[in-house]
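**Student:** Taking this note's numbering, the leading residue of the sequence shown gets 2, the next gets one more, and so forth. Heads up, the beta-carbon is just placed ideally off N, CA and C, and yes, glycines get one too. Source: prediction; values computed, not measured. First the structure, then my questions, so here it is.
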Amino acid sequence: MTRTITVAALQLSLPGPVAPNIDAVTALVEEAAAKGA
């Protein structure tokens, strides 16, 4: 049986308050996932 997995990785600095940065990254990841990443 063949399986296909898709993997994405992010590496970035998060200056300033952590929560707004995490929210922004979450939105980008969700957008990428919706596009098949």
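Work out the CA separation of A9 and L15 for me, nearest whole Å.
**Tutor:** Each residue's Cα considered, the two are about 18 Å apart.
**Student:** If the criterion is Cβ atoms closer than 8 Å, does the pair A38 and T7 meet it?
**Tutor:** Their beta carbons are under 8 Å apart, which means A38 touches T7 by this criterion.
**Student:** Taking the continuous alpha helix (DSSP H) assigned at V30, which residues delimit it?
**Tutor:** Taken as a continuous stretch (DSSP letters only), the alpha helix (DSSP H) holding V30 covers 19 to 35.
**Student:** Please report how far the alpha carbon of A25 lies from the alpha carbon of M2, in whole angstroms.
**Tutor:** Cα to Cα, A25 sits roughly 38 Å from M2.
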